[in-house]
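>
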Amino acid sequence: MRHIISILMENESGALARVANLFTARGYNIESLTVAPTEDRSLSRMTLVTSGSDEIIEQITKQLNKLIDVVKLVDLTEGGHLEREMMLIKLRAERTQREEIKRLVDIFRGKIIDVTDTSYTVELTGAASKLNAFIEAVNDELIVEVVRTGPSGIGRGPKGLGL
Amino acid sequence: MELSGGDIIVQCLKDEGVEHVFGYPGGAVLHIYDAIFKQQDVKHILVRHEQAAAHAADGYARATGKPGVVLVTSGPGATNAVTGIATAYMDSIPVVILTGQVPTPVIGSDAFQEVDTVGITRPCVKHNFLVKRLEDLALTIKKAFYIATTGRPGPVVVDIPKDITDPGIKIPYSYPGRVKMRSYNPVVKGHLGQIKKAVKIMMEAERPVFYTGGGVVLDDAAKSLTELVDTLEFPITQTLMGLGAYPGSGKHFLGMLGMHGTYEANMAMHETDVLIAVGARFDDRVTGHVKQFCPDATIIHIDIDPSSISKNVRVDVPIVGPVRQVLRDMLKVVNEGEIKPNKQALKQWWEQIEKWRSMDCLKYDQKSKLIKPQHAVEMLHKVTKGDAFVTSDVGQHQMFAAQFYRFDKPRRWINSGGLGTMGFGLPAAMGVQMAFPKAEVAVVTGESSIQMCIQELATCLQYELPIKIILLNNGYMGMVRQWQEFFYESRYSQSGMSVTPDFVKLTESYGHVGMRVDKSKDLEGAMKEAFTYKDRLVFLDVVVDPTENVYPMIAAGKGHHEMYLSPGSELV
């Protein structure tokens, strides 16, 4: 099953490498990983998407917790949560295709952020499944380039993951 | 007080109470070695290879319970130490390793003797640091000791660029008394509710077994464990790392378990209904095939490290906490005594165990003219009255030492259990002897293992370490040969080791006493003579039966009830 693990960690050089190292060394899946500093510059927030059986996920969270640089973590998929990912996708857009692509972008509430005679670059935000659906909806031959950030996640409700 | 980086390091070590540093100088640590030269409090032991520095500090830590300290230079100094660091990591030994690094401005430029030490050691340390500012140096060293020695212990590397130790740059120094880290808070107390729940299950048990490991030794919990086991009168088996925590001669002890465990220990594991695992990590050499592991048991697991719990085997009652405190609380709950153990069932259980025991699974040919390796270890036990510190390397001799030197005290049996590092024994013994100059320290080794760190004989001479090396010389990498005999139709591929130096002459050329014995009848005399040299290192080359195997044996991936037994054994 797919899990989204959100990690609050010391903003130290090497902290990211420790997490990545752990996944390769122990043979865990890592589907995506995003990381950036928080409002407190000494802390980074990482969102990590992984998959595995309940036993493996339990080990992953324990092993992550064991890393000295990890301050706190939460498996967002255990409760209500929100998930957003951003995608930049460059599409070939010529003559009759241009109208159709524009309509599709509107349906998905995306934005066209760069235009040339022959192409559109689209910005799209949403859950990973929505981005997948957009890619499915576009004719494969039109796709020039796909850039995705990987999901970021946050728990629902008033509580936050803080110190 | 204003100090340079080099002086700060030495002062930190003093303030931390460090007496011995094992190391080897080089370009990146010259400033630190100059600071060492100018003082007397911290004694530096010059090894002959950095791997040995790490093993010696590790042996020191295992024997004393205090952190071992290593100092090596950048590049090859650090990479040579990696095997020793990984060895300490696998067995959770507190060691602080200070490595030199090229100056900060040239890091990343492929400078002379530069490696990414933090990167290379990351997977085999509890934590590591690169010191980027002189102002951070003292706090980082404090953190290193704090992390290495608390929670589940382990090695911590502090990588120090040369410019940080520049004698021309001085800053005010004070050593932090305490350190608090928001991201690191080891558990200090096990949950009483869980402890009570566990005790209730233990009292209802009909066929209980204690299975205890290195965690009991590391947390100095031997006394509490022994008291609890003897109060409950439950049988106990110990892992390779746990030996000595409960006395080897104790009446509830079943011997070691696992791949080369005793018949009675492994059968008890297979038949138990309540397993109490304490400071042990369900290693594959212990569990055999995990699907067949303790098929009928409710499993209680006490461990300081939550990630050890339910890692390999599903646990029913986890108790996360320091082993000693949890065992003490457990004993208290037991003594308050609302429920008593099931005496009748226990009696039957012990009768069953005695039946298994009567097979005498460790028996070997007593009449052989060739020296049997088991006999040599038993003789070592006799001559040292079972009171020596025994280090070992890795292979058959290690298993024979574990099986036949019945350790009665914790911290006396010092071996590389997790990583299985050949070459560990001699340097580890140096660390032990440094800590206990008057104690009898023996290295049980093989002719293959000893050659991996033999250069340390020179270190032993320099520091007058009267170690006794008992070489069980069978002319083979014995354990490799045994596996090839069992599983590769006796195709002894590259496992022969008949070409060795003349160990007697070699030892003498290093300035020590060399002896050889090859007849069973001469063994006792030779062993006694070796231990008469109180102030000299003696290397006793014991030529043993080259065909002897370690029994019992569970082949990798088999269950506890599927053991190879010594030839002539009959199942009971």
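Protein chains in written order, with our numbering: chain A, 414 to 576; chain B, 40 to 611. Glycine is no exception: its CB is placed at the ideal position from the N, C-alpha and C atoms.
Buried or exposed for LYS612/B, going by 16 or more other Cβ atoms inside 10 Å?
Any answer about residue 612/B is impossible in this case: the structure gives chain B only from 40 up to 611.
> Counting only Cβ pairs nearer than 9 Å, list the residues of chain B close to GLU491/A.
Within chain B, no C-beta atom comes nearer than 9 Å to that of GLU491/A; the closest sits roughly 17 Å away.
> Any C-beta of chain A within less than 9 Å: which residues of the segment 149-162 of chain B qualify?
Shown in chain order are the members of the segment 149-162 of chain B whose Cβ falls below 9 Å from a Cβ of chain A: VAL157, GLY158, ARG161, PRO162.
> On the criterion of 16 or more Cβ atoms from any shown chain inside 10 Å, does PHE151/B qualify as buried, or is it exposed?
exposed
> In terms of residues, what are the limits of the beta strand (DSSP E) holding PRO412/B?
Premise fails: PRO412/B lies in the alpha helix (DSSP H), 412-422, not in any beta strand (DSSP E).
> Name, please, each residue of chain B whose Cβ falls closer than 7 Å to the Cβ of GLY427/A.
Near GLY427/A (Cβ distances below 7 Å), the residues of chain B are VAL157.
> Please state the DSSP three-state secondary structure of ASP312/B.
When secondary structure is reduced to three states using DSSP, ASP312/B falls in the coil class, being assigned neither helix nor strand.
> Alpha carbon to alpha carbon, how far is TYR549/B from SER457/A? Give it in angstroms, no decimals.
55 Å
> In its own chain, which residues sit with a C-beta less than 7 Å from the C-beta of ALA497/B, not counting the 5 before and 5 after it?
ARG87, TYR549
> Would you mind sorting GLU558/A into buried or exposed? The rule is 16 or more other CB atoms within 10 Å of its CB.
exposed
> Which two residues bound the contiguous beta strand (DSSP E) that contains THR301/B?
Run containing THR301/B: none; DSSP gives neither H nor E here.
> Given that a residue counts as buried once 16 or more other Cβ atoms are within 10 Å of its Cβ, and exposed if not, what is ALA526/B?
Note on identity: in this sequence residue 526/B is Phe, with Ala being the wrong assignment. Flag for PHE526/B reads exposed.
> Between ARG561/A and HIS494/A, is the Cβ-Cβ spacing less than 7 Å?
One thing to note: ARG561/A has its Cβ no nearer than 7 Å to the Cβ of HIS494/A.
> Against ILE186/B, what residues of chain A qualify as contacts under a CB-to-CB distance less than 9 Å, listed in chain order?
ILE481
> Here's a check: name, in chain order, each residue in its chain whose Cβ is nearer than 7 Å to the Cβ of ASP323/B, leaving out the five neighbours to either side.
none
> Compare the beta carbon distance of HIS328/B and GLY598/B with 7 Å and say whether it is the shorter of the two.
yes
> Give a yes or no on contact between the segment 381-398 of chain B and the segment 532-545 of chain B, applying the rule of three or more CB pairs nearer than 8 Å.
no
> Less than 8 Å between the CB atoms is what I'm expecting for ALA427/B and ALA481/B, so what's the real figure, rounded?
5 Å
> Could you list which residues in chain B have their beta carbon closer than 8 Å to that of ASN434/A, in chain order?
ARG161, PRO162
> Within the continuous beta strand (DSSP E) that includes HIS436/B, where are the two ends?
It is not in any beta strand (DSSP E) - HIS436/B instead sits in the alpha helix (DSSP H) that spans 435-443.
> Quick one: list the residues of chain B neighbouring VAL484/A, beta-carbon separation under 7 Å, in chain order.
ARG221, SER222
> Return helix, strand or coil for VAL61/B, following the three-state DSSP convention.
The sequence given here has Phe at residue 61/B, not Val. Residue state, collapsed to three classes: strand.
> Quick check on this structure: which residue in GLY114/B, TYR572/B, ALA125/B has the alpha carbon closest to the alpha carbon of GLY147/B?
When only C-alpha atoms are compared, the closest one is GLY114/B.
> Let me know if GLY232/B comes out buried or exposed under the rule of 16 or more other beta-carbons within 10 Å of its beta-carbon.
The residue in question, GLY232/B, is exposed, as its Cβ has fewer than 16 Cβ neighbours within 10 Å.
> Quick check on this structure: which residue in SER349/B, ILE343/B, PRO345/B, MET566/B has the alpha carbon closest to the alpha carbon of THR337/B?
SER349/B
> Under a CB-based cut-off of 7 Å, is HIS230/B close to chain A?
no
> Am I right that GLU236/B and GLN364/B are in contact with their C-beta atoms under 8 Å? What's the rounded C-beta distance?
The amino acid occupying residue 236/B in the given sequence is Lys; Glu does not appear at that position. In fact, because the Cβ distance is near 17 Å, the residues do not count as touching under 8 Å.
> Would you say ALA449/A reaches chain B, if we count a Cβ-Cβ gap shorter than 7 Å as a contact?
Not one chain B Cβ lies under 7 Å of ALA449/A.
> Alpha carbon to alpha carbon, what distance is there between GLU243/B and ARG353/B?
21 Å
> Is the CB of HIS340/B under 7 Å away from at least one CB in chain A?
no
> Is the segment 159-168 of chain B in contact with the segment 192-202 of chain B, if contact means three or more CB pairs nearer than 8 Å?
These segments touch.
> Please list the terminal residues of the continuous beta strand (DSSP E) segment that includes PRO211/B.
209-211
> With 7 Å as the threshold, decide whether the Cβ of GLU423/A is near any Cβ in chain B.
yes
> Tell me which residue opens and which closes the beta strand (DSSP E) that PHE184/B is part of.
Here PHE184/B belongs to no beta strand (DSSP E); instead the alpha helix (DSSP H) covers 176-188.
> Assess, as a yes-or-no matter, whether the segment 458-476 of chain B is touched by the segment 92-112 of chain B under the definition of 3 or more beta carbon pairs within less than 8 Å.
The segment 92-112 of chain B, when compared against the segment 458-476 of chain B, does touch it at the 8 Å Cβ threshold.
> Does the beta carbon of ALA438/A come closer than 7 Å to any beta carbon on chain B?
yes
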